[in-house]
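Visitor: Supplied in structure tokens, the structure appears directly below.
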Amino acid sequence: MLKDPENNFSSQAHVTKDEGFEGGICVSDIRSKIGISQSTTSQYLTILLQSGLVEMKRIGQWTYYRRNEETMKKLEKYIGLKI
């Protein structure tokens, strides 16, 4: 879902280029989309953040996540698959 946020989330859910974190999705919208609890969503996103697979930014009271494309490219090269 984070690979293609424009097609997987409403336009209100993701950050625009003007806001400085293009493609970032609000954690509450991620939680709603995958249908699990907020605490479980946060735990999973924390693991992905610690592994470098996603990036996070707070904008006001909201927290946004997006794929770390640099890390994804390295992972793709390492495992030999397009992800």
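All residue numbers in the sequence shown are consecutive under this note's numbering, ending with 76.
Glycine is no exception: its CB is placed at the ideal position from the N, C-alpha and C atoms.
Assign Arg59 to buried or exposed, taking buried as 16 or more other Cβ atoms, counted over all protein chains shown, within 10 Å of its Cβ.
Guide: For the purposes of this step, residue 59 is taken as residue 66 along the sequence shown, with counting starting at 1. Answer is buried; the Cβ neighbour count reaches 16.
Visitor: Exposed or buried, which one is Leu74 when buried takes at least 16 other CB atoms within 10 Å?
Guide: Stepping through the sequence shown from its first residue, residue 74 is reached at position 81. Flag for Leu74 reads exposed.
Visitor: Quick one: measure Cβ to Cβ for Leu46 and Thr33, integer angstroms, because I've assumed they're closer than 8 Å.
Guide: The residue you call residue 46 lines up with position 53 of the sequence shown. The residue you call residue 33 lines up with position 40 of the sequence shown. At roughly 17 Å, the Cβ-Cβ gap does not stay under 8 Å, so Leu46 and Thr33 are not in contact.
Visitor: For Met65, name the three-state secondary structure that DSSP assigns.
Guide: Position 72 of the sequence shown holds residue 65. Looking at Met65 - three-state DSSP - the assignment turns out to be helix.
Visitor: On the DSSP bridge assignment, give the partners of Lys26 in chain order.
Guide: By 1-based counting over the sequence shown, the position of residue 26 is 33. BP columns for Lys26 are empty, so no partner.
Visitor: Can you pull the DSSP bridge partners for Glu49?
Guide: Within the sequence shown, the letter at position 56 stands for residue 49. Rather than Glu, the amino acid found at residue 49 in this sequence is Met. BP columns for Met49 point to Tyr58.
Visitor: Tell me whether the beta-carbon of Glu(-1) lies closer than 8 Å to the beta-carbon of Ile52.
Guide: Locating residue -1 in the sequence shown gives position 6, where the first residue counts as 1. Locating residue 52 in the sequence shown gives position 59, where the first residue counts as 1. Going by C-beta atoms, Glu(-1) is not nearer than 8 Å to Ile52.
Visitor: Within its chain, find whatever has a CB closer than 8 Å to the CB of Leu38; leave out the 5 residues flanking it on each side and keep chain order.
Guide: For the purposes of this step, residue 38 is taken as the residue at position 45 of the sequence shown. Same-chain partners within the cutoff: Val20, Ile23, Val47, Met49 and Tyr58.
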